[in-house]
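So the sequences go chain by chain: E and H. Sequential numbering of the first sequence, starting at 1, is according to this note's numbering. Sequential numbering of the second sequence, starting at 202, is according to this note's numbering. Encoded as structure tokens, the structure appears first; notes follow it.
There are 2 protein chains.
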Amino acid sequence: MKKGLLIVVSGPSGAGKGTICKELLKQRKDLNISISATTREPRKGEVDGVNYFFLGKNKFKEMIKSNEFLEHASVYDNFYGTPKKYVMDKLEKGEDVLLEIDIQGALKVKDIYPEGVFIFILPPSMEELKNRIVNRGTETKEAILKRFNSAYKEINFVFKYDYGVVNDKVQSAVDNIKAIMKAEKCRVNRQKELIKKIEEV
Amino acid sequence: MKKGLLIVVSGPSGAGKGTICKELLKQRKDLNISISATTREPRKGEVDGVNYFFLGKNKFKEMIKSNEFLEHASVYDNFYGTPKKYVMDKLEKGEDVLLEIDIQGALKVKDIYPEGVFIFILPPSMEELKNRIVNRGTETKEAILKRFNSAYKEINFVFKYDYGVVNDKVQSAVDNIKAIMKAEKCRVNRQKELIKKIEEV
Chain E
1 MKKGLLIVVS GPSGAGKGTI CKELLKQRKD LNISISATTR EPRKGEVDGV NYFFLGKNKF
61 KEMIKSNEFL EHASVYDNFY GTPKKYVMDK LEKGEDVLLE IDIQGALKVK DIYPEGVFIF
121 ILPPSMEELK NRIVNRGTET KEAILKRFNS AYKEINFVFK YDYGVVNDKV QSAVDNIKAI
181 MKAEKCRVNR QKELIKKIEE V
Chain H
202 MKKGLLIVVS GPSGAGKGTI CKELLKQRKD LNISISATTR EPRKGEVDGV NYFFLGKNKF
262 KEMIKSNEFL EHASVYDNFY GTPKKYVMDK LEKGEDVLLE IDIQGALKVK DIYPEGVFIF
322 ILPPSMEELK NRIVNRGTET KEAILKRFNS AYKEINFVFK YDYGVVNDKV QSAVDNIKAI
382 MKAEKCRVNR QKELIKKIEE V
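What follows is the structure, encoded as structure tokens:
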């Protein structure tokens, strides 16, 4: 059985990974989304079990202890994590899973699941990234500055990823991710069983 | 300046790399084709300077001496080679080059230009490969058998390539190669200059 692809889409705050993933999921109905768990407060419009599983800190710590996360980390005084079972079950069944995740989380997933496809969403420029963070308008000035400085440092983590997709236009970024998925399925090291079968018939 | 991609399409006789490349070139007018040189006799319909540069053995040996080939090899008592200058000039200008080549040639190109994209065209089955070689109908029975045995052994070289594309339907193989090209352009290690630029603005 050919395993599904774990598509890890990551990048700094404001690069637009959320918008891109939302559009990608609309266009690829076969793609499963991995829902992260977090202890942070929901932002306006976010729904429990859709955007995140919003958990209390005690519940989260219990799950860490029983090794139920693919990765977990604390960012801005809150816990974030990826429940393991759902992702692994889908991949084993040959289905693809999309994981939208911050950089710290992505790098931990890469450590234990290097066969994932690691995509870093890049802003067209740092100037544009700043505008996007400011225009999000859900935070205090101090939080915005903290977020931008952090994002600036984070850009260099792109070199730990397989692919860098510039988010200048959402559809063009989505097209690039679709091409990456199609190409990765052709990678020789993902097709060993198929090749064996071809030789036999 | 971002370098172009060298797309190396290879595979055993009868897998259909010629048909696929022809269709790919029709659909991607921006793609340059690298024309190989050979000392073998032209097959019916082949045109000098279009399908190959058909050279005499002495001329070919002179060019080897003056290091004018990206790779060269002898197959079935004839020389084959890829003139170097044309390919390198296009890549430097940021243009993509398609190189359709036998397996021995591809592996030599990989040695000296590992940043190329190495694609192996797979037949849907060995049975189907045999049919295609037989139906080509341009050779003696002995030549056909020699070609099939050689093709069978060659399949295992797929593991030295980046991608394996099964030629069940030509358009689907072409679509896969197009996706591979799009994806490879997003590879982080091909975008170092772009990423530096993003950080500066």
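Idealized CB from N, CA, C, for every residue including glycine.
With contact defined as three or more Cβ pairs closer than 8 Å, the segment 298 to 312 of chain H and the segment 202 to 209 of chain H are in contact. Residue nearest to residue 281 of chain H within the set H:229, H:328, H:203, H:256 is H:256 (criterion: CA-CA distance).
Beta-bridge analysis with DSSP links residue 364 of chain H to E:187, H:320.
The beta carbon of residue 385 of chain H sits closer than 8 Å to the beta carbons of 206, 318, 391 from its chain, once the five residues preceding and following it are set aside; these are given in chain order. Under the three-state reduction of DSSP, residue 238 of chain H is assigned to strand. Judged by their CB atoms, residue 73 of chain E and residue 104 of chain E are nearer to each other than the 8 Å cut-off. Of the candidates E:166, E:119, E:167, E:119 places its Cα closest to the Cα of residue 102 of chain E. Scanning E:135, E:3, E:172 for the CA closest to the CA of residue 87 of chain E turns up E:3. Put simply, the backbone Cα of residue 369 of chain H is about 12 Å away from that of residue 198 of chain E.
Using a CB distance cut-off of 8 Å, residue 86 of chain E does not count as an interface residue toward chain H. Distance between residue 334 of chain H and residue 252 of chain H, taken at the CA atoms: about 19 Å.
Closer than 9 Å at the C-beta level to chain H, one finds these residues of the segment 144 to 175 of chain E: 152, 155, 156, 158, 159, 160, 161, 162, 163, 164, 165, 166, 175. For residue 82 of chain E, the closest C-alpha among the options E:60, E:94, E:149, E:14 is that of E:60. The C-alpha of residue 331 of chain H lies about 23 Å from the C-alpha of residue 242 of chain H. Just so you know, the alpha carbons of residue 357 of chain H and residue 365 of chain H end up roughly 11 Å apart.
Of all residues in the segment 375 to 389 of chain H, those with a C-beta nearer than 9 Å to a C-beta of chain E are 376, 377, 378, 379, 380, 381, 382, 383, 384, 385, 386, 387, 388, 389, reading in chain order. By the criterion of a C-beta distance shorter than 8 Å, residue 231 of chain H is surrounded in its chain by 296, 297, once the five residues flanking it on both sides are discounted.
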